[in-house]
Amino acid sequence: MFKGIAASRGIGIGSVCVIVEHDLKFEAKKIEDIQAEKERFNKAVEEFITETTAQAEDIRKKIGPKEAEILEGHIVMISDPSMAGEMTKMIDSGQCAESAVEAVCDMFIGMFSKMDDDMMRQRASDISDVKISMLKILLGIKDIDISKVAPGTVLVAKDLTPSMTSQINKENVVGILTEVGGKTSHSAILARALEIPAVLSVPDITKLVKDKDTAIVDGTEGNVYINPEGDVLSQYILKREEFIKKQSELKGFLGKETKTLDGDTVELFCNIGTPKDAKKAIECDGEGIGLFRSEFLFMDNNHMPTEDEQFAAYKEATEIMGGKPVIIRTLDIGGDKDIPYLNMKKEENPFLGYRAVRYCLGNKDSYMIQLRAIVRASAFGKVKIMIPLVTCVDELRAVKELVEEIKKDFDEQGIAYDKDIEVGCMIETPAASLIADILAKEADFFSIGTNDLTQYTMSVDRGNADVAYLYSTFQPSVLRSIKNIIECGRKAGIPVGMCGEAAADPMLIPLLISFGLTEFSVNPVLVLTARCVISKWSKEEADKLAEKVMALDNEKEIVALLKESAKE
Amino acid sequence: MVSQVVKVTNEQGMHMRPASLFCQTVTPFSSDVKVVFNGTAYDAKSVMMLMSACIKCGAEIEIQCDGPDEAEALKKAVELVESGLGD
Chain A
9 MFKGIAASRG IGIGSVCVIV EHDLKFEAKK IEDIQAEKER FNKAVEEFIT
59 ETTAQAEDIR KKIGPKEAEI LEGHIVMISD PSMAGEMTKM IDSGQCAESA
109 VEAVCDMFIG MFSKMDDDMM RQRASDISDV KISMLKILLG IKDIDISKVA
159 PGTVLVAKDL TPSMTSQINK ENVVGILTEV GGKTSHSAIL ARALEIPAVL
209 SVPDITKLVK DKDTAIVDGT EGNVYINPEG DVLSQYILKR EEFIKKQSEL
259 KGFLGKETKT LDGDTVELFC NIGTPKDAKK AIECDGEGIG LFRSEFLFMD
309 NNHMPTEDEQ FAAYKEATEI MGGKPVIIRT LDIGGDKDIP YLNMKKEENP
359 FLGYRAVRYC LGNKDSYMIQ LRAIVRASAF GKVKIMIPLV TCVDELRAVK
409 ELVEEIKKDF DEQGIAYDKD IEVGCMIETP AASLIADILA KEADFFSIGT
459 NDLTQYTMSV DRGNADVAYL YSTFQPSVLR SIKNIIECGR KAGIPVGMCG
509 EAAADPMLIP LLISFGLTEF SVNPVLVLTA RCVISKWSKE EADKLAEKVM
559 ALDNEKEIVA LLKESAKE
Chain B
83 MVSQVVKVTN EQGMHMRPAS LFCQTVTPFS SDVKVVFNGT AYDAKSVMML
133 MSACIKCGAE IEIQCDGPDE AEALKKAVEL VESGLGD
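Chains as they are written, first to last, in the working numbering: chain A, 9 to 576; chain B, 83 to 169.
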């Protein structure tokens, strides 16, 4: 078995086709007829542009505009005065076209691959693609036509260039193996878009296989088997069927309401960090935004974002969601999140210090800017305000007062906003959990943040390897806390959500259903999985399990029982 | 020569698409257009040069225009950056 990076999920089993790397060596020669050489070069550029335009068009149809842009970028690159222009200059000085292409491209590859920015380093591989394509045209080398490979082919290549990927036919290619590339490389993105299992960065894979070998590509685990034994093969054939069945089952949940087995509806929202993520939430069929972390606006900046800048971001997300709820968490900094320009003091104990709502209420001027921006955005959809790290009712009251102040001001100035804009609390401290009944009387909703709740309840720094074993949402103390929060919310008749990672955990979902959680907020890619798991539990069955779980006195047994009972 | 300092506010910074757009906008002008960042001047009519500057969101850049239509070129360039470079 060989290991690589699991880049596109699923299992592919098929017959190997190795894409041979052409030797692009050439002999640099001194050019006599410079005019003719320039014409040869210009013709190659023209051919490159024609070919690439066609491939981009192909990708646009097969995969999408974003992926096509990569190839259109190659056209921009070759046409650039610093590329074609510099190459022409070199030909003018008597060098052959191949040398000119190589020298200029290598110069840029060297420059871009040294940058301290991931996306910029990616450009180095784009320039390398341009170089290879140009040299092939100049040297008259034709690639094999990937679009014509036989059905059931596993493509094996050193790297898949976007131009190769554009020719991949989903019907014929069942798996992809390469020697380079990671989860975010072009080949990975394209493989995922085409839903073809792929394992990348498998060392020397092009040398380890030959055409017609049988290969298993496990793109979920990153495993590769070449000419596997019978039992491995039959095991994987089974695994492949299960995966395909699961995928089609999950697709069946697209566009459906989120319901338990009894038909009770719950809300299934998404956690996002930027307005653009809202698009992802829609694509993944999220029913709203349960947590919009507003920190990005502050972190990716060198100054306090103005009211207008913040308003634009909140409005964008709200409009993308088109009337679906958008719960915006106000600035949650401090602890492990620092923002240089705020000049926050270094603290002995930052997680117990001046952070989140404490900082915000201590810096009312800047907090008002954020609240005003959020209230303004409420005119464009269903916006809600969520306060992080609440520990006493005074904090909730203080924020609500500020919101009332803003509303009054907006009324006077005739600024539009949603008069019913809700203000809710994150419940993520033991303090808030213990007074959940008090908070529930004045909060419009609750949202449980499992990461902080677990850390504070267990008094454990999960970054500290010596104590990390204690960090578990399945500790009886944490589960009791979650149960109490949900029950208090329900008694007061307010919705209770959960926006930590745990909301999508198949082990925790039955307990949440039993306790009566009304809103699950998960990473967009987990929407369908969570919807599927929720659909498999009836209240009665969940209650039975919860009763057993809550009677256990230690985390190990709880985890064992939940694991055994989990439905995927 | 005219010049102005502006802040790059789009999330991606001067990546492929924003850089292309910037380039397309200034190329029709006959003035020389340069972007000065971290003490180096980059030819703004070249996408490759613009990208090689590795300008990220939040960076302050100086746009310099020199030529017969410099005022108009500068105005257009500044407007584009301020509007978020098409992002």
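By construction, the Cβ of each residue, glycine as well, lies at the ideal position given by its N, Cα and C atoms.
What you are looking at is a predicted structure, and each value in this text was computed from that prediction instead of being measured.
Kindly indicate the opening and closing residues of the alpha helix (DSSP H) around I13 of chain A. Not the alpha helix (DSSP H): I13 of chain A falls in the beta strand (DSSP E), residues I13 to S16.
Tell me where the beta strand (DSSP E) around S85 of chain B begins and ends. V84 to K89
Chain B partners of G81 of chain A, CB-CB under 9 Å? M98, R99, S102 and V129
What did DSSP end up calling E295 of chain A once you bin it into helix, strand or coil? coil
Once DSSP output is grouped into helix, strand and coil, what is the label at F120 of chain A? helix
What is the rounded straight-line gap between the Cα of E144 of chain B and the Cα of F304 of chain A? 25 Å
What residues match up with G432 of chain A in a beta bridge as DSSP calls it? A:M394
Is there contact between the stretch 186–195 of chain A and the stretch 56–63 of chain A, where contact requires at least three CB pairs shorter than 8 Å? no
Taking only beta-carbon atoms, is C139 of chain B less than 7 Å away from chain A? yes
Can you give me, in chain order, the residues of the stretch 384–417 of chain A that have a beta carbon less than 9 Å from any beta carbon in chain B? none
Kindly indicate which three-state DSSP category D114 of chain B falls into: helix, strand or coil? strand
Under 8 Å by Cβ, that's how I've got V383 of chain A and I414 of chain A pegged, so tell me the actual separation to the nearest angstrom. 5 Å
Of all the options A:S101, A:S107, A:F120 and A:I99, which has the alpha carbon lying nearest to the alpha carbon of L32 of chain B? Because residue 32 of chain B is not part of the residues shown, which for chain B are 83 to 169, the question remains open.
For I140 of chain A, the first and last residue of its enclosing beta strand (DSSP E): That residue, I140 of chain A, is in no beta strand (DSSP E); its alpha helix (DSSP H) goes D126 to L147.
Spatial neighbours of T109 of chain B within its chain, please: C-beta separation below 7 Å, excluding the five flanking residues on both sides. K127
My understanding is that P236 of chain A touches R17 of chain A, with C-beta atoms under 8 Å, so please give their C-beta distance in whole angstroms. At roughly 20 Å, the Cβ-Cβ gap does not stay under 8 Å, so P236 of chain A and R17 of chain A are not in contact.
With a threshold of 7 Å between beta carbons, is C136 of chain B in contact with chain A? yes
Mind checking whether K51 of chain A and G102 of chain A have CB atoms under 7 Å apart? no
Range covered by the alpha helix (DSSP H) that runs through E47 of chain A: I42 to K70
D452 of chain A: which of A:V391, A:T314 and A:V486 sits nearest, CA to CA? A:V391
Within 9 Å of chain B by C-beta, residues of the stretch 97–118 of chain A in sequence order: F116
Neighbouring residues, chain A, relative to E154 of chain B (Cβ below 7 Å): Per Cβ cutoff of 7 Å: no residues; E154 of chain B is ~21 Å from chain A at best.
Verify the CB distance criterion: does S121 of chain A have a CB-CB separation below 7 Å to chain B? no
G389 of chain A vs M329 of chain A beta-carbon contact at 7 Å: yes
Between the Cα of A260 of chain A and those of A:D293, A:P283 and A:N310, spot the shortest distance and give me the residue it belongs to. Looking at the sequence shown, residue 260 of chain A is not Ala but Gly. When only C-alpha atoms are compared, the closest one is A:D293.
Helix, strand or coil for C147 of chain B? Go by DSSP, reduced to three states. strand
Using 7 Å as the limit for Cβ to Cβ distance, is D125 of chain A near chain E? This model lacks chain E altogether; the protein chains it does include are A and B.
Do the CB positions of E12 of chain A and G230 of chain A come within less than 7 Å of each other? Here residue 12 of chain A turns out to be Gly, not Glu, going by the sequence shown. Result yes, Cβ atoms of G12 of chain A and G230 of chain A sit closer than 7 Å.
Between the CA atoms of V84 of chain A and E86 of chain B - distance to the nearest angstrom: Checking the sequence, you will find Gln at residue 86 of chain B rather than Glu. Rounded to the nearest angstrom, the two C-alpha atoms are 27 Å apart.
Note the first and the last residue of the continuous alpha helix (DSSP H) segment covering P73 of chain A. P73 to S87
Test: N310 of chain A CB closer than 7 Å to a CB of chain B: yes
Is V468 of chain A near V475 of chain A, with beta carbons less than 7 Å apart? yes
Rounded to whole angstroms, what's the CA-CA distance from R248 of chain A to G72 of chain A? Just pull it up for me. 27 Å
Quick one: which chain A residues come within Cβ less than 8 Å of E93 of chain B? T282, K284 and D308
Entirely enclosed alpha helix (DSSP H) segments - the stretch 324–375 of chain A, minimum 4 residues: 364–370
Under a CB-based cut-off of 7 Å, is P89 of chain A close to chain B? yes
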